[in-house]
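Residues -23 to -1, 1 to 180, numbered by mature numbering (1 follows the signal peptide of the UniProt record, and there is no 0), are exactly what the sequence shown covers, in order.
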Amino acid sequence: MNKNLIRRSALVAVAGAASLVLAACGSSDETSTGSSPSGASSASASQSGHSAADIAFAKGMIPHHRQAVKMADLAPSRAGSAEVKKLADEIKKAQDPEIKTLSGWLTTWGEQVPAEGAMDHSVHGAGSGMMTPEEMDKLKASSGKAFDTAFMKMMIKHHEGAVAMAKTEKADGSFPEAKTMADAIITSQTAEIARMNDLLGKN
């Protein structure tokens, strides 16, 4: 009788241990299968993980890019060189999507997207590379080789301003996607500056 009791107690103990193991497995399974909700929360955390520097970068780069796109829009009807037309087209294709992305970030962050034609003068001081209305009028009034030269000289200055803003974002920003965009701007626009300097040297 005692042996039976001992055996039964042992079985209960084994069953209890087995249920504990199963419970542990269950909780680990829930953790692994629950990775998407926790992933979602970390994604939303990264969405809000921005700083004042990220906001300044987005608010400054949107009007900056818009002006570059307006300059590029003049090239098809005014440029004399096929290289300048091609360059302007590439600038527009690169910067239009970035404007949309930057605007999306600001909206997500509950910030105001700069209105069309608006310019943040706190961002666009000396060295920003933004053209004055007079410079834009002068560019619009030119054509052929004169346009090509003016366009490239202005766009070099414009790109240098964007590269400086992007370097500030890389140094001071917190939002990973903004820092990635800043890195891409530095790489692409530095290459375009070299290309325009080369074309100007050939003129």
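For each residue, glycine too, the CB sits at the ideal point set by N, CA and C.
Using C-beta distances below 6 Å, list every residue in its chain close to residue i, excluding the 5 sequence neighbours before and after it, in chain order.
i: Glu88; result: Ile32
i: Gly57; result: Gly121, Lys122, Asp125
i: Lys156; result: Lys147, Gly150
i: Ser105; result: Gly138
i: Val90; result: Ser80, Leu83
i: Leu177; result: Met129
i: Ile170; result: Ile133, His136
Report the CB separation of residue i from residue j in whole angstroms; it is logged as a contact under 8 Å.
i: Met142; j: Met38; result: 6 Å
i: His41; j: Gly138; result: 7 Å
i: Ala159; j: Glu146; result: 4 Å
i: His27; j: Trp86; result: 6 Å
i: Ile163; j: Lys144; result: 7 Å
i: Glu112; j: Met131; result: 6 Å
i: Arg43; j: Ile68; result: With 8 Å as the limit, Arg43 and Ile68 do not qualify as a contact, their Cβ atoms being about 12 Å apart.
For a test of the three-state rule: what should DSSP assign to residue i, helix, strand or coil?
i: Ala139; result: helix
i: Val90; result: coil
i: Ser165; result: helix
i: Phe128; result: helix
i: Gly150; result: coil
i: Ser80; result: helix
If you drop the 5 nearest sequence neighbours on each side, which residues of the same chain put their C-beta closer than 7 Å to that of residue i?
i: Ala52; result: Val61, Lys62, Ala65, Phe128
i: Thr167; result: Val140
i: Asp73; result: Val46
i: Ser54; result: none
Could you tell me which residues DSSP pairs with residue i in its beta bridges?
i: Ala33; result: None; Ala33 has no bridge partner.
i: Thr56; result: Checking the sequence, you will find Ala at residue 56 rather than Thr. Its beta-bridge partners are Gly121.
Residue range of the alpha helix (DSSP H) that residue i falls in?
i: Thr109; result: Element bounds for Thr109: n/a, residue is neither H nor E.
i: Ser28; result: That residue, Ser28, is in no alpha helix (DSSP H); it is neither H nor E in DSSP.
Considering only residues of the same chain and omitting the five flanking positions on each side of residue i, which have a CB-CB separation below 8 Å?
i: Ser165; result: Ala71
i: Ser21; result: Since pLDDT at Ser21 reaches only 37, below the 50 mark, its modelled position is unreliable, and no value is offered.
i: Ser5; result: Caution applies to Ser5, whose pLDDT of 40 falls short of 50 and renders its modelled position unreliable; the value that the coordinates give is listed next. The answer is none, since no qualifying residue turns up.
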